[in-house]
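Position one of the sequence shown corresponds to residue 14 (the numbering used here), numbered consecutively onward. For each residue, glycine too, the CB sits at the ideal point set by N, CA and C. No experiment lies behind these values; they were computed from the predicted model shown.
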Amino acid sequence: MSEADIPELQFPDGLMGFPDARRFTLLAWGGEDSPFSLLHSLEDESLEFVVVPPLLFFPDYEPEIEEEAASRLGLTSADDALMLVIVTVPDDPKAATANLLGPVIVNRHTRKAGQVVLSLPDEFVRRPLLTH
């Protein structure tokens, strides 16, 4: 299942900084061949985040999701999870960064989602997407 296959995501705990934002959808963003999506709130039209599967830019990124977080989302296998990271796109898109410290995890079967905080150094909060 790709992002385009998921009409609505339920975030029971909201997103960090947005605890009341609980219903989102994924919309294509950036053109036909773009790997990016918009995580768009269904409750607040002005609330949206650019997201991308992290392995496209960070092939060595292998975060360990704590058992409690996996259980909250009903995940029994890594194959059940779709992982996305929130991207900050400044005026100069070449300076875009990804938040690898707080990935969004989606249960592909139930569409239940959550943002988890990983035990990684703070430098993972704003990792440049492009290294050159």
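{"Asked": "E81: first and last residue of the uninterrupted beta strand (DSSP E) it sits in", "Found": "Looking at the DSSP string, E81 is not in any beta strand (DSSP E); the run it does join, the alpha helix (DSSP H), is 80-85."}
{"Asked": "Same chain, Cβ closer than 6 Å to L95, five either side skipped, listed in chain order", "Found": "V119, R121"}
{"Asked": "Selection from D93, G127, V65 that minimises the alpha carbon distance to W42", "Found": "V65"}
{"Asked": "Cβ neighbour criterion (16 or more within 10 Å) applied to S50", "Found": "buried"}
{"Asked": "Meets three-Cβ-pair contact criterion under 8 Å: the stretch 50-64 and the stretch 31-42", "Found": "yes"}
{"Asked": "Backbone CA spacing between V130 and P106 [nearest angstrom]", "Found": "25 Å"}
{"Asked": "Segments assigned beta strand (DSSP E), at least 3 residues, entirely inside the stretch 33-72", "Found": "36-41, 50-54, 61-65"}
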